[in-house]
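Chemist: Going by mature numbering (1 follows the signal peptide of the UniProt record, and there is no 0), the letters in the sequence shown line up with residues -30 to -1, 1 to 291, in that order. Backbone N, C-alpha and C fix where the C-beta goes; we use that ideal spot for every residue, glycine too.
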Amino acid sequence: MKGTILRRLPRATVAATAAALLLLAGCSGGTDPGDEATPSETSATDAPAEVEPSAEDVAALEAVTVTEGAEGADPTLEFEQPFTVSAAVARVITEGEGAALEDGQVLSMHYVVVSGADGTTQGSTYGAEPDRITLGDEKLIPALNDVLGDQSVGARVLLAIPGAENTALMLIDVADARSIPTRAEGEPVVPPAGLPVVALDNEGVPSVKPVDGEAPTELVVQPLIKGDGPPLEAGQTVTFNYSGWLWDGTPFDSSWEGAPFTTTLGTQQVIQGWDQGLAGQTVGSQVLLIVPPALGYGDQERGPIPANSTLVFVVDILAVG
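1) Write down every uninterrupted run of the alpha helix (DSSP H) in the segment 58 to 144 whose length is 4 residues or greater and which is fully enclosed by it, in chain order.
2) Would Val144 pass as a contact of Leu47 if the rule is Cβ separation under 7 Å?
3) Mapping the DSSP letters down to three states, classify Ser24 as helix, strand or coil.
4) Output the distance between the C-alpha atoms of Glu188 and Thr232, rounded to the nearest integer angstrom.
5) Since Leu165 is in the alpha helix (DSSP H), which residue starts that stretch and which ends it?
6) Helix, strand or coil for Ala289 per DSSP?
7) Apply the 10 Å Cβ neighbour rule to Ser279 and answer buried if 16 or more other Cβ atoms are within range, or exposed otherwise.
8) Can the beta-carbon of Ala125 be found closer than 7 Å to that of Glu65?
9) Three or more C-beta pairs closer than 8 Å, one from the segment 32 to 43 and one from the segment 67 to 81: is that the case here?
10) Alpha carbon to alpha carbon, how far is Gly97 from Glu227? Give it in angstroms, no decimals.
11) The alpha helix (DSSP H) that contains Gln246, what's its start and end?
12) Applying the criterion that 16 or more other CB atoms from any shown protein chain within 10 Å of the CB defines a buried residue, is Gln121 buried or exposed?
13) Based on Cα-Cα distance, which residue from Leu258, Ala60, Gly273 lies nearest to Leu164?
14) Mind checking which residues open and close the beta strand (DSSP E) that includes Ser213?
15) Assess, as a yes-or-no matter, whether the segment 187 to 202 is touched by the segment 148 to 160 under the definition of 3 or more beta carbon pairs within less than 8 Å.
16) Based on Cα-Cα distance, which residue from Val59, Val282, Leu202 lies nearest to Ser224?
17) Rounding to the nearest angstrom, what Cα-Cα distance links Pro52 and Ala30 in this structure?
18) I need the boundaries of the beta strand (DSSP E) containing Leu265, first residue and last residue.
19) Sorted by chain position, which residues of the same chain lie with C-beta nearer than 7 Å to Asp218's C-beta, five sequence neighbours on each side aside?
20) Spell out the partners DSSP gives Glu227 in its beta bridges.
21) Any idea if Thr95 is buried or exposed, counting beta-carbon neighbours within 10 angstroms, 16 or more meaning buried?
22) So, at 8 Å on beta carbons, what are the nonlocal neighbours of Asp171 in its own chain, with the 5 sequence-adjacent residues on each side left out?
23) In or out: Asp107 buried (at least 16 other Cβ within 10 Å) or exposed?
24) Which residues does DSSP list as the beta-bridge partners of Val190?
25) Tell me which residue opens and which closes the beta strand (DSSP E) that Leu47 is part of.
26) Distance check for Ala57 and Ala14, CA to CA, integer angstroms please.
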């Protein structure tokens, strides 16, 4: 229930590199960038206390130089190898000239990650689609939130992150920032009888009252709020808030406890029940999904999700792009 990402397949994109680096230990969905992410049993408050960087850490980062690459190519980071720091440390290289960044905004960013041990590139989005983070997300490394907190769109920052084997250096360019709603907005829809009953608190956070009896064997897609935005299509980048429960009402995951979840729909980055059930639903809608095992995790256990589980989700579709 920690806002982890329920992914169907190993993450094939370089976004895995950013997720593994930028999330505090214990807060990400998986332990390895290539592993399938599973719901975390560790809360953000259980994460290790943030260690303040030393004067030596700050000086080491100041000594790193950045050379612009050709259009669409990675910038080059030059530094004395091996590069190490004792704590996460960040600095602004170039201040942005766009709109001021605000907590809660979804930031689009390009980045390159290099190994402090030998300078090899570990991941990059230059020349490809940008990655996204939510500014102020408590699961992000505080050094990143702090350095971006008083910056603007167009800012370029350098971040050093110590690791078990070596330090990673990450150059980040903030390409865009968007403020998005936190909950569905539209016309309420009265669902048919026999489905789990959904209630919302004052902030829009859902809870469910399970129903007795056997779970459905087919995918159930029931709008609860009909938004007036465009319908979702495969290949679109979509931002959601969601909560998930087992058929008996046991909660296992919720983005409401952290930041909204962004994924690319219809590309097998999430379970099939999401790809199939959310296609065609409109932005601003809230959708109840009941996902049979065949369209979820099948006969494989995923953390607190037992094998052969029917999953119940309430999904708020917040934004596209």
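Modeler: Taking the geometry as given:
1) If only complete runs of 4 or more residues are kept, the segment 58 to 144 shows the alpha helix (DSSP H) at 112 to 118, in order along the chain.
2) no
3) Three-state DSSP puts Ser24 in coil, outside helix and strand.
4) 26 Å
5) No residue range can be given for Leu165, since it is assigned to no alpha helix (DSSP H) and is classified by DSSP as neither H nor E.
6) strand
7) By the neighbour-count criterion, in which 16 or more other beta carbons inside 10 Å mark a residue as buried, Ser279 falls on the buried side.
8) When the beta-carbon positions are compared, Ala125 and Glu65 come within less than 7 Å of each other.
9) no
10) The alpha-carbon atoms of Glu227 and Gly97 are separated by roughly 33 Å.
11) 242 to 248
12) By the 10 Å Cβ count, Gln121 comes out buried.
13) Looking at the sequence shown, residue 164 is not Leu but Gly. Taking only the C-alpha atoms, the option nearest Gly164 is Leu258.
14) 207 to 216
15) yes
16) Val282
17) 11 Å
18) No beta strand (DSSP E) holds Leu265; DSSP gives it neither H nor E.
19) Pro180
20) BP columns for Glu227 are empty, so no partner.
21) By the neighbour-count rule (16 or more Cβ atoms within 10 Å), Thr95 is buried.
22) Closer than 8 Å at Cβ, skipping near neighbours: Ser177.
23) buried
24) Ile260
25) 46 to 48
26) Annotation note: pLDDT 31 at Ala14 (below 50); position unreliable, coordinate value reported separately. Using only the alpha carbons, I get a separation of about 18 Å.
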